[in-house]
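Chain order of the listed sequences is H and L. Offset between the first sequence (1-based) and the working numbering: plus 8. Offset between the second sequence (1-based) and the working numbering: plus 26.
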Amino acid sequence: MSALLEAASLSLPGRLTEASLTLDAGTLACLVGPNGSGKTSLLHAIAGIARAGGSVEIGGVDPSREPPARRARLLGYLPASRDIQWPLVARDLVALGGATPAEIEAALAALELEDVAHRRLDRLSTGERSRVLIARALAPRPRLLLLDEPTANLDPLWQIRLMEMLKEDVAAGGRAALVAIHDLDAAARFADRIILMNEGRIVADGPPAELIDGPHVRAVFGIEKSGGLWRPLITPAGPRSSR
Amino acid sequence: MSRAFLLLAALALVLALSLALPWGDLAALMRESPTLGWAVLIDLRLPRALLALSYGAMLGAAGAAIQALFANPLASPDLTGTTSGAALGAVVTAYLLGLSQPLALSAGAVVGALGALVLLLALAGPRAETATLLLAGLAISALTGALTTLALALAPSPFAFYDAYDWLMGSLVDRSLAQAAFAGVPALLSILLLMRIAPALDALALGEDVAQSLGHDLRALRLQVICIGAFGVGACVAICGAIGFIGLVAPIFARRLTRGHPGRAILPAALIGAVLLTIADLAVRTAPLGRTLPIGVATALVGAPFFLWLVAHMRWRLRA
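Structure representation (structure tokens):
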């Protein structure tokens, strides 16, 4: 079986260097790396937001050649920013993503937004607004989900429920998700695959059991797990600066 | 659906009133000499009513599209300097280049409007903060205003100022049916073209990144809004001068009818703009002042307080 996503030699000057990635259907992959390591740039390059060098195929199709209606079925992108300029009603915003009415209602129900679906975005809490934007990305049931920090602003229960939902969704077949996330524990718990980025490159790629708490993670983040908690690595020069 | 019907009914009503009022003179003329009465109706009142409709609709639609593009409810053809850029283009064409044919005037005004919008995009950036957008618009308006005055001062004709005054303040008086067509046809065409890109402007409400991920080409979209807006607004300014505030107010009301969708608001904004400008024209025509006010003065007298209210309202909301 061929891969669902085939991204080859994606490059953005100064942000992304020769990033190549294949993702099989049924995979939930978590993209981890320090601030500025190129996670968002990689998502942008795959989603066609930035005109990157290299090539992208989703299910054998180049998404940049597809019209918006078909493209919404190929990829769903959630940006890290939750700002929406116009005070739209929650259900209307989900409907802008190109889903059918039944899919819109299903997405609203999955994220338990039925009770607030008639309210304007500026009258929702930050967490509710985040869930509305996630529902917008999920609603058209795209084959590839590209989510930038989907668990940000969510309470602990919703963080777990969202990751479980994504895992079930991709396991149900034919689909995959690439999720940029800072929470290494959540990545280790839910991901089938971890992709580690640093300085615009993919530096490691493998199952969580091999990667998390391995030498790459320690070297890139400057942290290690001890006593069940992540702690700064103590180097001869002292703890690595958090910057 | 019922709202669309109400809007269309309001439009038909103001159009009928615009043709019929003031009724007494027209009725007397119709009794004495029906030929003369019809001539007044067709040659004097119809062009004026059509100009008010098409210019108002153009300002409303362009305002809605520019607001959607800049993701800012305070963007409009007048506050961004588009109309004053168009006025500068027309003045330079007429008084410095000496070309007064309607086509040359329209072309000059379109180039002026285009220049102002491109300058705005360069100064304020594509997703401008309100303050940046208004400052850039203010700078462009000040510059184009000064240049317009300079062009009139340098004009060979000693009567240039006097001649241009009524037009600069916005006027629908004494225009022919041909002139109405010169503004109305580009306006109609522009509104139809803007409606075609309404779905993309709605998708832009999801943010630039998401709109691009859905396959909307933002560079092309910006270019389309700017070129179409400049074409329609420029053609109207060439015939009727610069009229303010309709392009700001109409989209704000229109979005209330489209549940906040910025792109879908283009058509209702056009209808509301047409109704508002026709009412403004009726007001200046029937006001018992002894002489006709420039219509731009009337829209500014009503529009400026609304603008002030809007700015205060936004400040309160930011504080809350």
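Here a beta-carbon is modelled for each residue, glycine too, at the ideal position from N, C-alpha and C.
If we ignore side chains and look at the alpha-carbon of each, how far apart do residue i and residue j end up?
{"i": "alanine 165 (chain L)", "j": "leucine 77 (chain L)", "result": "29 angstroms"}
{"i": "leucine 95 (chain L)", "j": "valine 251 (chain L)", "result": "8 angstroms"}
{"i": "alanine 98 (chain H)", "j": "alanine 125 (chain H)", "result": "5 angstroms"}
{"i": "serine 63 (chain H)", "j": "alanine 16 (chain H)", "result": "5 angstroms"}
{"i": "arginine 285 (chain L)", "j": "threonine 170 (chain L)", "result": "36 angstroms"}
{"i": "alanine 224 (chain L)", "j": "glycine 289 (chain L)", "result": "4 angstroms"}
{"i": "methionine 171 (chain H)", "j": "leucine 155 (chain H)", "result": "11 angstroms"}
{"i": "alanine 199 (chain H)", "j": "histidine 242 (chain L)", "result": "31 angstroms"}
{"i": "alanine 190 (chain L)", "j": "tyrosine 81 (chain L)", "result": "19 angstroms"}
{"i": "arginine 169 (chain H)", "j": "histidine 190 (chain H)", "result": "17 angstroms"}
{"i": "alanine 195 (chain H)", "j": "proline 216 (chain H)", "result": "8 angstroms"}
{"i": "aspartate 192 (chain L)", "j": "isoleucine 269 (chain L)", "result": "12 angstroms"}
{"i": "alanine 53 (chain L)", "j": "glycine 141 (chain L)", "result": "47 angstroms"}
{"i": "glycine 299 (chain L)", "j": "methionine 205 (chain H)", "result": "53 angstroms"}
{"i": "alanine 101 (chain H)", "j": "leucine 230 (chain L)", "result": "What sits at residue 101 (chain H) in the sequence shown is leucine, not alanine. Approximately 11 angstroms between the Cα atoms of the pair."}
{"i": "alanine 58 (chain H)", "j": "valine 236 (chain L)", "result": "11 angstroms"}
{"i": "arginine 281 (chain L)", "j": "leucine 274 (chain L)", "result": "12 angstroms"}
{"i": "glycine 230 (chain H)", "j": "alanine 115 (chain H)", "result": "39 angstroms"}
{"i": "aspartate 200 (chain L)", "j": "leucine 146 (chain L)", "result": "33 angstroms"}
{"i": "isoleucine 112 (chain H)", "j": "arginine 149 (chain H)", "result": "10 angstroms"}
{"i": "tyrosine 85 (chain H)", "j": "cysteine 38 (chain H)", "result": "15 angstroms"}
{"i": "proline 109 (chain H)", "j": "alanine 180 (chain H)", "result": "22 angstroms"}
{"i": "alanine 338 (chain L)", "j": "glutamate 58 (chain L)", "result": "54 angstroms"}
{"i": "threonine 318 (chain L)", "j": "leucine 249 (chain L)", "result": "39 angstroms"}
{"i": "tryptophan 94 (chain H)", "j": "aspartate 51 (chain L)", "result": "49 angstroms"}
{"i": "aspartate 193 (chain H)", "j": "isoleucine 220 (chain H)", "result": "9 angstroms"}
{"i": "serine 89 (chain H)", "j": "tryptophan 335 (chain L)", "result": "30 angstroms"}
{"i": "threonine 106 (chain L)", "j": "glycine 210 (chain L)", "result": "22 angstroms"}
{"i": "aspartate 69 (chain L)", "j": "leucine 43 (chain L)", "result": "16 angstroms"}
Using a cut-off of 7 angstroms between C-beta atoms, extract the partners of residue i located in chain L.
{"i": "alanine 80 (chain H)", "result": "Leu240"}
{"i": "alanine 55 (chain H)", "result": "Ser239"}
Round the Cβ separation of residue i and residue j to the nearest angstrom and send it over; I've been treating them as touching at under 8 angstroms.
{"i": "glycine 329 (chain L)", "j": "glycine 267 (chain L)", "result": "So it is not a contact: roughly 15 angstroms between Cβ atoms."}
{"i": "isoleucine 142 (chain H)", "j": "proline 158 (chain H)", "result": "6 angstroms"}
{"i": "leucine 178 (chain L)", "j": "phenylalanine 187 (chain L)", "result": "5 angstroms"}
{"i": "glycine 163 (chain L)", "j": "alanine 139 (chain L)", "result": "Not quite, the Cβ-Cβ distance comes to about 13 angstroms (not below 8 angstroms), so this is no contact."}
{"i": "leucine 283 (chain L)", "j": "arginine 29 (chain L)", "result": "5 angstroms"}
{"i": "leucine 153 (chain H)", "j": "isoleucine 66 (chain H)", "result": "About 11 angstroms; that fails the 8 angstroms criterion."}
{"i": "alanine 188 (chain H)", "j": "threonine 48 (chain H)", "result": "7 angstroms"}
{"i": "threonine 119 (chain L)", "j": "glycine 134 (chain L)", "result": "3 angstroms"}
{"i": "arginine 23 (chain H)", "j": "glycine 56 (chain H)", "result": "15 angstroms between Cβ atoms; not a contact."}
{"i": "glycine 41 (chain H)", "j": "valine 228 (chain H)", "result": "7 angstroms"}
{"i": "leucine 36 (chain H)", "j": "leucine 174 (chain H)", "result": "6 angstroms"}
Excluding five sequence neighbours on each side, which residues of the same chain lie with their C-beta closer than 7 angstroms to the C-beta of residue i?
{"i": "alanine 91 (chain L)", "result": "Leu220, Leu227, Val251, Gly255, Ile292"}
{"i": "methionine 84 (chain L)", "result": "Ala213, Ser216, Ile217, Gly258, Val259, Cys262"}
{"i": "leucine 119 (chain H)", "result": "Arg139, Ile142, Ala143"}
{"i": "isoleucine 305 (chain L)", "result": "Val40"}
{"i": "glutamine 238 (chain L)", "result": "Leu244"}
{"i": "alanine 309 (chain L)", "result": "Ala324"}
{"i": "threonine 312 (chain L)", "result": "Leu47, Pro48"}
{"i": "leucine 79 (chain L)", "result": "Leu41, Ala300, Thr304"}
{"i": "aspartate 130 (chain H)", "result": "Pro95"}
Please list the partners that residue i has in chain H, where partner means a Cβ-to-Cβ separation under 8 angstroms.
{"i": "arginine 285 (chain L)", "result": "Leu96, Val97, Asp100"}
{"i": "leucine 232 (chain L)", "result": "Ile92, Leu101, Leu104, Gly105, Arg144"}
{"i": "aspartate 228 (chain L)", "result": "Leu104"}
{"i": "alanine 97 (chain L)", "result": "Gln93, Trp94"}
{"i": "proline 288 (chain L)", "result": "Trp94"}
Who are the near neighbours of residue i in its chain, counting only those whose CB is closer than 8 angstroms to its CB and skipping five residues on each side?
{"i": "serine 28 (chain H)", "result": "Ala15, Ala16, Ser17, Leu18, Gly62, Ile210"}
{"i": "phenylalanine 208 (chain L)", "result": "Pro128, Leu129, Ser132, Ala261, Ala264, Ile265"}
{"i": "leucine 132 (chain H)", "result": "Ala98, Val124, Val140"}
{"i": "leucine 55 (chain L)", "result": "Leu62, Gly63, Val66"}
{"i": "leucine 72 (chain L)", "result": "Leu45, Leu203, Ala206"}
{"i": "serine 183 (chain L)", "result": "Tyr121, Asp189"}
{"i": "threonine 8 (chain H)", "result": "Residue coverage of chain H in this structure runs from 9 to 251, which leaves residue 8 (chain H) outside it and unanswerable."}
Who are the Cβ neighbours of residue i in its own chain at under 6 angstroms, not counting the five residues just before and after it?
{"i": "arginine 251 (chain H)", "result": "Because the pLDDT of arginine 251 (chain H) is 44, which lies under 50, any placement of that residue in the model is unreliable, and the number read from its coordinates should be weighed accordingly. Excluding sequence neighbours, arginine 251 (chain H) sits near nothing in its chain."}
{"i": "aspartate 213 (chain H)", "result": "Ile203"}
{"i": "valine 137 (chain L)", "result": "Gly115"}
List, in chain order, every chain H residue whose beta-carbon is nearer than 7 angstroms to that of residue i.
{"i": "valine 236 (chain L)", "result": "Tyr85, Pro87"}
So residue i contacts chain L; which residues on that side make the cut at Cβ distance below 8 angstroms?
{"i": "proline 158 (chain H)", "result": "Going along chain L, no residue has its Cβ under 8 angstroms from proline 158 (chain H), so there is no contact; the nearest lies around 14 angstroms."}
Could you work out which residues of chain L lie near residue i, taking near to mean beta carbons separated by less than 9 angstroms?
{"i": "glutamate 74 (chain H)", "result": "Gly241"}
Using only the heavy atoms of the ligand PLP, determine whether one of them is closer than 8 angstroms to the beta carbon of residue i.
{"i": "aspartate 163 (chain H)", "result": "In terms of ligand content, the structure shown is empty, and the ligand PLP therefore cannot be addressed."}
Exercise for review: Note down, one range per segment and in chain order, each alpha helix (DSSP H) of at least 4 residues found wholly within the region 106-142 of chain L.
Suggested key: 108-117
Review point. Mind pulling the alpha helix (DSSP H) runs of 4 or more residues that sit fully within the region 28-70 of chain L?
Key: 28-46, 49-58, 60-65
Review point. Which whole runs of the alpha helix (DSSP H) in the region 243-299 of chain L are 4 residues long or more, in chain order?
Key: If we require 4 residues or more, the alpha helix (DSSP H) runs fully inside the region 243-299 of chain L come out as 244-266, 272-283.
Exercise for review: Could you name each continuous alpha helix (DSSP H) segment of 4 residues or more that falls completely within the region 129-216 of chain H, going from the start of the chain to the end?
Suggested key: 134-146, 164-179, 192-198
Check your understanding: Which whole runs of the alpha helix (DSSP H) in the region 208-237 of chain L are 4 residues long or more, in chain order?
Key -> Runs of the alpha helix (DSSP H) inside the region 208-237 of chain L: 224-230.
Exercise for review: Taking only runs that begin and end inside the region 52-132 of chain H, name each unbroken alpha helix (DSSP H) of 4 or more residues, in chain order.
Suggested key: 76-82, 98-103, 109-118
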